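Before any comments, here is the structure.
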Amino acid sequence: MKTIKDKKIAIIGFGKEGVSAANFLGSENQIIIIDQKSKEAIDNVFFKSLNIKRFEFFQIQNVPSGLKVDYIVRSPGVRPDDNTILNLKKNGAQLTSPTKIFFDLCQSEIIGVTGTKGKGTTVTLIYEMLKSQINNVFLAGNIGTPALEILPKVDRQSIVILELSSFQLIDLKKSPHIAVILMITSEHLDWHQDTPEYRRAKESIVSFQNENDFAIINQDFEVSGNFAQRTKAKVYFISTKQKTNGVYLESDSILSEIGKSEEICKTSQILLPGAHNLQNVLAAVACAKIYNIKTKNITLVLKTFKGLVHRLQLVREFKNIKFYNDSFSTIPETTVAAIEAFRQPKILILGGSSKNSDFSLLAQEINQNKSIKAIILVGQEATRIKKAIAKSGGTDAKIIEGANNMHQIISRAYQEAKSGDVVILSPACASFDMFKNYQDRGMQFIKEVKNLK
Numbered sequence: 002m003k004t005i006k007d008k009k010i011a012i013i014g015f016g017k018e019g020v021s022a023a024n025f026l027g028s029e030n031q032i033i034i035i036d037q038k039s040k041e042a043i044d045n046v047f048f049k050s051l052n053i054k055r056f057e058f059f060q061i062q063n064v065p066s067g068l069k070v071d072y073i074v075r076s077p078g079v080r081p082d083d084n085t086i087l088n089l090k091k092n093g094a095q096l097t098s099p100t101k102i103f104f105d106l107c108q109s110e111i112i113g114v115t116g117t118k119g120k121g122t123t124v125t126l127i128y129e130m131l132k133s134q135i136n137n138v139f140l141a142g143n144i145g146t147p148a149l150e151i152l153p154k155v156d157r158q159s160i161v162i163l164e165l166s167s168f169q170l171i172d173l174k175k176s177p178h179i180a181v182i183l184m185i186t187s188e189h190l191d192w193h194q195d196t197p198e199y200r201r202a203k204e205s206i207v208s209f210q211n212e213n214d215f216a217i218i219n220q221d222f223e224v225s226g227n228f229a230q231r232t233k234a235k236v237y238f239i240s241t242k243q244k245t246n247g248v249y250l251e252s253d254s255i256l257s258e259i260g261k262s263e264e265i266c267k268t269s270q271i272l273l274p275g276a277h278n279l280q281n282v283l284a285a286v287a288c289a290k291i292y293n294i295k296t297k298n299i300t301l302v303l304k305t306f307k308g309l310v311h312r313l314q315l316v317r318e319f320k321n322i323k324f325y326n327d328s329f330s331t332i333p334e335t336t337v338a339a340i341e342a343f344r345q346p347k348i349l350i351l352g353g354s355s356k357n358s359d360f361s362l363l364a365q366e367i368n369q370n371k372s373i374k375a376i377i378l379v380g381q382e383a384t385r386i387k388k389a390i391a392k393s394g395g396t397d398a399k400i401i402e403g404a405n406n407m408h409q410i411i412s413r414a415y416q417e418a419k420s421g422d423v424v425i426l427s428p429a430c431a432s433f434d435m436f437k438n439y440q441d442r443g444m445q446f447i448k449e450v451k452n453l454k
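Below is the structure:
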């Protein structure tokens, strides 16, 4: 794709990605912004972030039936088969997305990371490892900066690390130079038609690779492991369970076979809590080794990296009780990982809005894990979680219900906690019933925990 000039462009979905697309394309094109919300209902911060003076705006139900544009730019949260997109395509428009535009125009090597969970932690680890030795490394995508914002800064010598969700991958026709595939389970079934569509969307990260590319694949998950059959790239496997040709865990050591056989470090040297984070560490180490990053530089990152906000984040230790914010955990699998990350007696905060998740494995973990002292159930999914626990054989943990806001939740948790316990917000659900988003939920948790006296 050449740079788009002198065209009429409809940007559908006006969030961070929509703003970045409007700013990137707006100086040389006519921009129309379309969103589900009215102009008044959209957070004013997005309009203040616009660098363009002139644009048209339509709420999605008010788009003129005969509207003709040259391009449709689909923001990640909008499905490619959205009715507005289909109608504009009938009128001759070509569909693209900020991610597709970036892949078409970016001259540098791209490292793309996908998976159900762990993407943000993994891309940040890769970024820290690479920039310890390489200049001109950029981090973008869901993690913070939209990719189009960094595009003017990158050149052929740059390396770009992108966090890629299924929303971005679903219609992508190019793959990154290095594709990293973490654990893949069934998520976003409220957006995807079914699990096979979700998995197919993820597969485009490797589908268009060639023999000069690399794929780093988590072998411990069957769905992830199957990606090896979808790529022409050189595949390096990672595993916490068995020896591989890439990076793996053996006893308490992280070992690498990339380039040469060597021990990277002991697991006890890694600051990040949780066995699930070891998978993210292995993937990052594999990527760093492909770029010949020195082992001492890799180890230094692992010894000092504390993790990301809202991802099993230690918020406070108060009266020898540790409070962890894992608000980003919106599926049962990551909540199970959070439970297993700590041996101490624990109080869990579970529940929220629905993602059509299956809670049976989480319920089984709760049934079998005797270190859980109490469970505070909140939100729309509290009843379904409670039923799943009962169906799994129940629990000795105290079930607490009726907390209607974060102040009440933390008050109940603190009442139950004793010295040496951990309190974990790891909801296994989305947040939209009680909070704006998972960040809002996490920030309210942090605020209330810090207010404890």
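Heads up, the sequence shown is in my numbering, so the first residue is 2 and it goes up one at a time. Where a beta carbon is used, it is the ideal one built from N, C-alpha and C, also for glycine. Treat the numbers as computed from the prediction; the structure is a model and nothing was measured.
What does DSSP give as the partner residues of residue i in its beta bridges?
i: Asp-36; result: Gln-60
i: Ala-398; result: DSSP output for Ala-398 lists no bridge partner at all.
i: Glu-318; result: Lys-323
i: Ser-354; result: Ala-431
i: Gln-31; result: Lys-9
i: Ile-135; result: BP columns for Ile-135 are empty, so no partner.
i: Thr-335; result: The partner list for Thr-335 (beta bridge, DSSP) is empty, contrary to what the question assumes.
i: Val-20; result: Bridge partners of Val-20: none, in fact.
i: Gly-113; result: Leu-163 and Ala-180
i: Ala-141; result: Leu-163
i: Arg-75; result: Ile-13
i: Thr-97; result: Val-74
i: Val-423; result: Lys-323 and Lys-347
Under 6 Å Cβ to Cβ from residue i, same chain only, skipping five residues before and after it: list those, please.
i: Val-424; result: Phe-324, Ile-348, Ala-414 and Ala-418
i: Gln-365; result: Ser-393
i: Leu-190; result: Here Leu-190 scores only 45 on pLDDT, less than 50, and its place in the model should not be relied on; the value that follows carries that caveat. Same-chain partners within the cutoff: Asn-357.
i: Asn-137; result: Gln-158 and Ser-159
i: Asn-84; result: none
i: Ala-289; result: Met-130 and Ile-299
i: Gln-37; result: Ile-61
Give the C-beta separation of residue i and residue j to the nearest angstrom, bearing in mind that I take them to be a contact with Cβ-Cβ under 8 Å.
i: Gln-60; j: Ser-28; result: Actually they do not touch by this definition, with Cβ atoms about 25 Å apart.
i: Ile-10; j: Ile-32; result: 6 Å
i: Pro-346; j: Ser-372; result: 5 Å
i: Cys-107; j: Val-161; result: 6 Å
i: Leu-96; j: Pro-77; result: About 13 Å separates the two Cβ atoms, so there is no contact after all.
i: Tyr-292; j: Leu-131; result: 6 Å
i: Ala-141; j: Leu-163; result: 6 Å
i: Lys-387; j: Leu-378; result: 6 Å
i: Ser-427; j: Asp-441; result: Rounded, the Cβ-Cβ distance is 16 Å, inconsistent with contact.
i: Lys-267; j: Ser-254; result: 6 Å
i: Gly-113; j: Val-181; result: 7 Å
Just to confirm, is the Cβ distance from residue i to residue j under 8 Å?
i: Gly-395; j: Gln-280; result: no
i: Asn-298; j: Gln-445; result: no
i: Ser-109; j: Asn-143; result: no
i: Ser-420; j: Asn-321; result: yes
i: Tyr-439; j: Thr-335; result: no
i: Arg-200; j: Ile-217; result: no
i: Cys-430; j: Ser-328; result: no
i: Ala-42; j: Thr-100; result: no
i: Glu-341; j: Ala-276; result: yes
i: Ile-367; j: Ile-390; result: yes
i: Thr-123; j: Ala-285; result: yes
i: Phe-15; j: Phe-47; result: yes
i: Asp-71; j: Lys-8; result: yes
i: Ile-12; j: Ile-86; result: no
i: Leu-283; j: Val-310; result: no
i: Ala-398; j: Lys-437; result: no
Note down, in chain order, each residue of its chain lying with its Cβ closer than 7 Å to the Cβ of residue i, except the 5 sequence neighbours on either side.
i: Phe-306; result: Leu-126, Glu-129, Leu-272 and Leu-273
i: Val-450; result: Val-316, Arg-317, Phe-324 and Ile-411
i: Thr-296; result: Glu-263 and Ile-265
i: Leu-170; result: Thr-115, Ala-202, Lys-203, Ser-205 and Ile-206
i: Gln-220; result: Gly-226, Phe-238, Ile-239, Ser-240 and Thr-245
i: Asn-370; result: Ile-340
i: Ser-50; result: Val-20
i: Ala-383; result: Gly-352 and Glu-402
i: Lys-304; result: Gln-270 and Leu-272
Are the C-beta atoms of residue i and some chain D residue less than 8 Å apart?
i: Phe-324; result: This model lacks chain D altogether; it includes just one protein chain.
Given residue i, which residues of its chain have a CB within under 8 Å of its CB, disregarding the five upstream and five downstream residues?
i: Lys-1; result: The structure shown has nothing for residue 1, since the chain only spans 2 to 454.
i: Ile-53; result: Ala-23, Asn-24, Gly-27, Ser-28 and Ile-32
i: Val-155; result: Cys-107, Gln-108, Ser-109, Asn-137, Phe-139 and Val-161
i: Gly-121; result: Asn-143, Ile-144, Glu-164, Leu-309, Arg-312 and Phe-329
i: Ile-179; result: Glu-110, Ile-111, Ile-112, Gly-113, Asp-214, Phe-215, Ala-216, Ile-217, Cys-288 and Ile-291
i: Asp-434; result: Gly-353, Ser-354, Gly-380 and Gln-381
i: Val-337; result: Leu-362, Leu-363 and Glu-366
Can you give, in chain order, each stretch of the alpha helix (DSSP H) that sits fully within the region 185-267 and has at least 4 residues?
196-208 and 223-226
Length at least 4, wholly inside the region 362-413: the alpha helix (DSSP H) runs in chain order
383-392
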